[in-house]
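Enquirer: Protein sequence lines, in the order shown, are assigned to chains A and B. Reading the first sequence from the start, the letters are residues 79 to 562 in the working numbering. Reading the second sequence from the start, the letters are residues 2 to 500 in the working numbering. Here it is: the structure, laid out below.
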Amino acid sequence: MELLSYGAVELATAIKEGKATAVEAMEAVLSRIDAMEEKINAYVTIDRDAALEEAQEAQKKIEAGVLTGVLAGVPMAVKDNLCTEGMLTTCASKILGNFVPAFSAEAVVKLKQAGAVMIGKTNMDEFAMGSTTETSAFGETKNPWNLEYVPGGSSGGSAAAVASNECFFAVGSDTGGSIRQPASFCGVVGLKPTYGTVSRYGLIAYGSSLDQIGPLTKNVSDCAAVLEVLAGHDTKDSTSIQREDTDFTSALVLDVAGLRIGIPRDYFGEGLDPEVKTAVLAAAQAFAAAGAIVEEFDLSLVEYAIPTYYTIAAAEASSNLERFDGVKYGYRTPEFDGLHNMYKKTRSEGFGAEVKRRIMLGSFVLSSGYYDAYYLKALKVKAMIKKAFDDAFANYDLILGPVAPTTAPRLGESLSDPLKMYLGDIYTISVNLAGLPGISVPCGTDKKGLPIGLQLIADRFCEKKLIQAAYTYEKLRGAFGLEH
Amino acid sequence: MRSCAARLVWSIRKGQGREMALQSAKQYETVIGLEVHVELATRTKIFCGCSTEFGGAPNTHTCPVCTGMPGALPVLNKQVVNYALAVGLATNCEITRYCKFDRKNYFYPDNPQNYQISQLYLPICRNGYVEIETPAGKKAVGIHEIHMEEDAGKLIHDEWEDCSLVDYNRSGVPLIEIVSEPDMRCAEEVIAYLEKLRTTIQYLGASDCKLNEGSMRADVNLSVRKVGAPELGTRTEMKNLNSFRAITHAIEHERERQIDLLLSGQQVIQETRRWDDTKEYSYAMRSKEDAQDYRYFPDPDLVPVYISDEWIAEIRNRQPEFRGEKMARYREEFDIPEYDIGIITDSKHMADLFEETVAICNAPKKVSNWLMGETLRLLKEKGMDAGDIRFSPQNLAKLIALVDSKAVNSSVAKDVFAVMFEEDVDPEQYVEEKGLKTVNDEGALRKTVEEVIASNPQSVEDYRNGKEKAIGFLVGQTMKAMKGKADPAAVNRILKELL
Chain A
79 MELLSYGAVE LATAIKEGKA TAVEAMEAVL SRIDAMEEKI NAYVTIDRDA ALEEAQEAQK
139 KIEAGVLTGV LAGVPMAVKD NLCTEGMLTT CASKILGNFV PAFSAEAVVK LKQAGAVMIG
199 KTNMDEFAMG STTETSAFGE TKNPWNLEYV PGGSSGGSAA AVASNECFFA VGSDTGGSIR
259 QPASFCGVVG LKPTYGTVSR YGLIAYGSSL DQIGPLTKNV SDCAAVLEVL AGHDTKDSTS
319 IQREDTDFTS ALVLDVAGLR IGIPRDYFGE GLDPEVKTAV LAAAQAFAAA GAIVEEFDLS
379 LVEYAIPTYY TIAAAEASSN LERFDGVKYG YRTPEFDGLH NMYKKTRSEG FGAEVKRRIM
439 LGSFVLSSGY YDAYYLKALK VKAMIKKAFD DAFANYDLIL GPVAPTTAPR LGESLSDPLK
499 MYLGDIYTIS VNLAGLPGIS VPCGTDKKGL PIGLQLIADR FCEKKLIQAA YTYEKLRGAF
559 GLEH
Chain B
2 MRSCAARLVW SIRKGQGREM ALQSAKQYET VIGLEVHVEL ATRTKIFCGC STEFGGAPNT
62 HTCPVCTGMP GALPVLNKQV VNYALAVGLA TNCEITRYCK FDRKNYFYPD NPQNYQISQL
122 YLPICRNGYV EIETPAGKKA VGIHEIHMEE DAGKLIHDEW EDCSLVDYNR SGVPLIEIVS
182 EPDMRCAEEV IAYLEKLRTT IQYLGASDCK LNEGSMRADV NLSVRKVGAP ELGTRTEMKN
242 LNSFRAITHA IEHERERQID LLLSGQQVIQ ETRRWDDTKE YSYAMRSKED AQDYRYFPDP
302 DLVPVYISDE WIAEIRNRQP EFRGEKMARY REEFDIPEYD IGIITDSKHM ADLFEETVAI
362 CNAPKKVSNW LMGETLRLLK EKGMDAGDIR FSPQNLAKLI ALVDSKAVNS SVAKDVFAVM
422 FEEDVDPEQY VEEKGLKTVN DEGALRKTVE EVIASNPQSV EDYRNGKEKA IGFLVGQTMK
482 AMKGKADPAA VNRILKELL
């Protein structure tokens with residue numbers, strides 16, 4: 079039990095110092111999974127033998143002094159939309175239910191090079207479309223804090239696995255809040271990096287211009303360490319950025335004195351749960367008490383973020399998901415009459431309702447005669463939203479607000495009202511539209527005992543400011559997490 | 002080249018009076034625009050590092066990117082942009098400094114992502130033209146745009162197994178599409194335009210432009226309208242045209258078909274038609290109503306391409322001397338016939354070979370003769386193009402020197418050339434090794450001639466009786482006895498002396 083309470087970096091240190099082994103860590107995680115999975119369902123695929131074998135390999139290399147990475151021997155969970163060579167990668171969809179990639183995502187390759195050991199693939203909303211992990215073709219994941227509630231999404235499996243100690247850290251992807259929101263609902267730390275910081279090669283695309291891979295961790299120190307491993311230029315991804323300032327762990331400094339923090343009034347209006355509001359404003363107070371300059375301002379354009387996001391993301395998704403057609407890989411309908419019928423039946427049977435809804439929406443906004451009115455207009459609004467953030471960052475180092483308007487909803491509540499579910503993304507999606515980094519840090523619980531997340535947003539390439547502020551806040555706040 | 006008007010003769014139809022038909026058809030003019038796809042000569046594909054080489058075993062030149070595997074991402078091959086820029090500059094286009102790639106969405110198994118990466122909104126080149134020669138003089142054909150895109154894979158239908166298989170070796174091979182303005186009025190102009198494009202692109206080394214192999218493909222957009230009408234008629238698009246001959250015939254047939262429709266009070270339907278070259282007939286593939294909505298949008302996986310002044314200058318500096326300039330220079334520099342100049346400069350490879358050989362031997366007429374004579378003959382015999390010539394200028398110059406010095410006679414030279422054409426052998430070495438040198442030993446030659454005279458009394462008598470032709474036989478016999486290694490002029494002289 080004690081081993082499981084370690085953070086990822088703590089564990090790596092313990093293993094390096096000979097206080098624990100990679101195999102012990104993996105065995106502990108696997109027995110934890112045995113105890114919890116039936117209730118939580120955080121994973122889609124677990125390969126126990128491969129995980130143990132890899133852990134043994136890692137331990138040997140650590141002892142031989144050839145594996146010295148910052149995550150050497152640490153068991154990790156990977157969202158099921160990141161390709162893993164030789165291991166099922168389903169995107170929680172029937173259409174990829176049997177798909178085994180021939181290569182691993184660049185992010186996975188980097189984590190393995192740093193010594194992390196794969197446990198398995200975590201559950202998610204189908205093709206990352208959803209905010210609750212209920213649209214998965216392989217059953218919903220439950221919130222470890224209360225099994226009646228959703229873990230958030232789409233990286234709900236990753237967040238739940240971290241919260242329930244079913245892994246030492248996880249990676250997810252964030253297109254409109256898919257790392258930060260489940261991190262918030264599950265009381266863990268989640269960071270979405272500046273667009274282009276982590277290679278998307280091997281990430282099965284949802285909205286290519288918005289998708290970013292990032293860490294979900296038990297604490298801010300782990301978050302910085304994992305991000306440091308993930309970040310880096312990749313020639314295989316044209317949108318990957320060359321940046322030198324990826325020594326994120328150097329920002330683990332206790333100091334917010336003089337830090338200028340802006341609180342957008344627009345984020346605290348109608349629809350925000352009072353308990354969430356209170357907790358987030360209390361966190362703002364803590365920053366002010368520690369010497370930060372905290373003030374309110376008007377960000378503007380917040381109400382346009384949701385229609386803009388759902389237009390752009392759905393448009394890109396409608397095209398990105400065309401390759402799932404039953405021809406080359408994945409599910410193919412058993413009986414069909416000709417090519418057209420094969421396409422139609424395969425895709426009708428292979429995709430779930432939410433994915434179909436977004437494909438239809440995306441196809442519509444791109445169709446002849448509507449392109450200018452919807453897609454092109456959305457791109458223009460996206461540019462305006464980016465400009466609004468640019469203006470804000472002329473005055474502030476960071477923007478502080480809630481991650482989501484509420485804590486986790488009950489299971490089943492959101493599926494019946496997709497529009498309500500979309501509205502839940504209001505504070506996270508602008509960050510993707512503007513390509514900014516954002517972090518979610520737990521800042522309390524509501525009366526139901528469900529975690530509340532604090533969101534910090536920085537200008538492009540300013541992850542270090544995020545990490546330093548989040549790290550300082552974490553220390554001010556004190557211990558947080560589920561009692562296991 | 003026949004004039005455009007002469008083509009009207011084709012419009013004489015069954016059941017109509019010749020004069021009437023001619024008169025009616027004369028009221029119409031043909032308007033043609035072309036969409037030409039050219040496969041670029043890059044070593045690797047447009048968005049991945051796979052080989053573009055033709056003819057590998059199915060799916061051997063593939064990777065996750067060009068087979069549309071989940072998670073794979075495209076990365077642009079810079080050489081594709083270089084070639085597109087070179088073609089754009091050579092065709093007087095404006096260069097789009099900030100150009101982007103768009104996705105063209107349509108479902109078909111030869112297209113592994115079910116979208117083709119192409120350019121719609123910001124193509125790399127726009128508003129250009131090429132100049133063609135017509136009987137009425139020079140004419141500019143406008144280029145609407147040139148854009149870059151990827152080729153699709155190949156579907157193979159297995160009738161025996163009743164299934165279809167896909168080969169993705171061609172998937173992701175780079176193409177440019179050159180879209181002309183509707184500026185052409187007859188098949189001759191179309192062919193002149195295509196020939197101009199072909200030589201220009203070949204000179205740039207951007208493609209070998211072979212219609213029969215598909216590295217150059219032309220779709221013909223054609224409409225007819227009353228002469229002088231300000232508006233264009235309804236057009237059709239003709240596909241599957243694999244030769245200049247097919248293009249010419251398809252244009253003539255389509256023109257007639259449309260005029261017939263209009264004359265009989267019907268309308269032309271906007272549609273895509275497929276040309277069947279064996280039946281000399283086209284049939285409708287799909288009408289505008291069935292046209293797909295491609296839902297074009299900018300590809301978010303690729304970043305925009307910014308083309309700087311420096312980049313353009315670099316490409317401009319590397320542009321070769323094009324055919325027109327080369328022909329003018331040849332007229333100045335070399336004393337060879339206009340016909341030869343035309344043939345030699347038709348292929349940059351042949352022109353290079355010519356110039357390099359002349360630089361060594363300084364005998365343009367002799368070099369030209371070898372190219373016009375034996376080279377063209379062998380190319381035709383073997384079904385090859387000038388671009389396929391393999392022998393080096395050094396070896397051709399050596400062969401010319403061997404003939405000049407009378408080291409070999411012309412018939413031996415032709416034999417040696419044939420070997421050189423195949424294997425690019427060094428003619429000096431080859432002649433030496435095979436013992437093909439002309440025997441210039443007067444005594445030996447005289448001895449052989451005496452032997453031939455002695456053993457052919459009948460021919461000798463015929464000659465002495467005034468049959469001039471008989472000496473040809475005796476020369477032949479001598480050459481045979483000398484195994485071809487004699488100078489026929491010397492043999493002739495000695496024979497006449499002795500007889």
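Beta carbons: idealized from backbone N, C-alpha and C, even for Gly.
1) Return helix, strand or coil for CYS64 of chain B, following the three-state DSSP convention.
2) For the structure I just gave you, are there three or more beta carbon pairs, one from the stretch 168 to 180 of chain B and one from the stretch 139 to 154 of chain B, closer than 8 Å?
3) So which residues of chain B does ILE477 of chain A contact, with C-beta pairs closer than 9 Å?
4) 7 Å is my cut-off, CB to CB: does PRO124 of chain B come that close to chain A?
5) Can you tell me whether DSSP reads HIS562 of chain A as helix, strand or coil?
6) ARG321 of chain A CB to nearest chain B CB: under 7 Å?
7) Per DSSP, which one or two residues make a beta bridge with ASP405 of chain B?
8) Output, in sequence order along the chain, the residues in the stretch 298 to 317 of chain A whose CB is closer than 8 Å to any CB in chain B.
9) Would a check of beta-carbon distances place TYR279 of chain A closer than 7 Å to chain B?
10) GLY388 of chain B to THR279 of chain B, Cα distance in whole Å?
11) For GLU568 of chain A, decide whether its Cβ has a neighbour in chain B, counting only Cβ atoms nearer than 7 Å.
12) Which value, in whole angstroms, describes the spacing of the CA atoms of GLU115 of chain A and ALA150 of chain A?
13) Evaluate the contact criterion for the stretch 469 to 480 of chain A versus the stretch 412 to 430 of chain A: three or more CB pairs, one atom per stretch, below 8 Å.
14) Closer than 8 Å between beta carbons: that is the criterion. Which residues of the stretch 433 to 445 of chain A meet it against chain B?
15) Give the secondary structure of PHE422 of chain B by DSSP, where H, G and I count as helix, E and B as strand, and everything else as coil.
16) Let me see if you follow: with CB-CB separation under 7 Å, is ARG401 of chain A close to chain B or not?
17) Under the DSSP definition of a beta bridge, which residues are partnered with ALA141 of chain B?
18) Contact between the stretch 260 to 270 of chain A and the stretch 294 to 309 of chain A is defined here as three or more beta-carbon pairs at a separation below 8 Å; is this criterion met?
19) For ILE192 of chain B, which three-state DSSP category applies?
20) Using a beta-carbon distance cut-off of less than 9 Å, what residues from the stretch 296 to 316 of chain B approach chain A?
21) So is LEU74 of chain B in contact with chain A if we call contact Cβ pairs under 7 Å?
22) What do you get for ARG3 of chain B, buried or exposed, if any count of 16 or more other CB atoms within 10 angstroms of its CB means buried?
23) In the DSSP assignment, find the beta strand (DSSP E) that holds GLN533 of chain A and state where it starts and stops.
24) Specify whether the stretch 397 to 410 of chain A and the stretch 421 to 428 of chain A touch according to this definition: at least 3 beta carbon pairs, one from each stretch, less than 8 Å apart.
25) Looking only at DSSP bridge pairs, what is ILE257 of chain A linked to?
26) Inspect the beta-carbon positions of GLY206 of chain B and CYS67 of chain B and report whether they are closer than 7 Å.
27) Would you say ARG330 of chain B reaches chain A, if we count a Cβ-Cβ gap shorter than 7 Å as a contact?
28) What residues of chain A sit near ARG104 of chain B, judged by a beta carbon separation below 8 Å?
29) For chain B, is any of its Cβ atoms less than 7 Å away from the one on ILE507 of chain A?
30) What are the start and end residues of the alpha helix (DSSP H) that includes SER396 of chain A?
31) Give the single residue among B:ARG258, B:MET483, B:HIS254, B:ALA285 whose Cα lies nearest to the Cα of LEU446 of chain B.
32) Distance, Cα to Cα, LEU156 of chain B vs THR63 of chain B?
33) Are GLU290 of chain A and ASP333 of chain A close, meaning C-beta to C-beta below 7 Å?
34) Going by C-alpha distance, which of A:THR550, A:ALA133, A:ILE319, A:GLU306 is nearest ALA194 of chain A?
35) In chain order, what residues of the same chain lie with their CB nearer than 6 Å to the CB of MET79 of chain A, ignoring the 5 residues before and after it?
36) Can you find a CB in chain B that lies within less than 7 Å of the CB of TYR382 of chain A?
Expert: Quick answer:
1) coil
2) yes
3) Result: empty, since nearest Cβ-Cβ is about 25 Å, beyond 9 Å.
4) no
5) coil
6) no
7) Note: ASP405 of chain B sits in no beta bridge, so no partner.
8) THR313, LYS314, ASP315, SER316, THR317
9) yes
10) 28 Å
11) Within the shown structure, residues of chain A are numbered from 79 to 562, placing residue 568 of chain A beyond reach of any answer.
12) 25 Å
13) no
14) SER441, LEU444, SER445
15) helix
16) yes
17) B:GLU132
18) yes
19) helix
20) ARG296, TYR297, PHE298, PRO299, ASP300, PRO301, ASP302, LEU303, VAL304
21) yes
22) A caution first: ARG3 of chain B carries a pLDDT of 44, below 50, which makes its placement in the model too unreliable to give a value.
23) 529 to 536
24) yes
25) Looking at the DSSP assignment, ILE257 of chain A forms no beta bridge with any residue, so it has no partner.
26) no
27) no
28) SER397
29) no
30) 380 to 398
31) B:MET483
32) 15 Å
33) It is Gln, not Glu, that sits at residue 290 of chain A in the sequence shown. In this structure, ASP333 of chain A does not lie closer than 7 Å to GLN290 of chain A by Cβ.
34) A:ALA133
35) Summary for MET79 of chain A: the model assigns pLDDT 48, below 50, so the residue's position carries little reliability; its value from the coordinates is reported in the next sentence. For MET79 of chain A, where only same-chain residues beyond five positions count, there are no Cβ hits under 6 Å.
36) no
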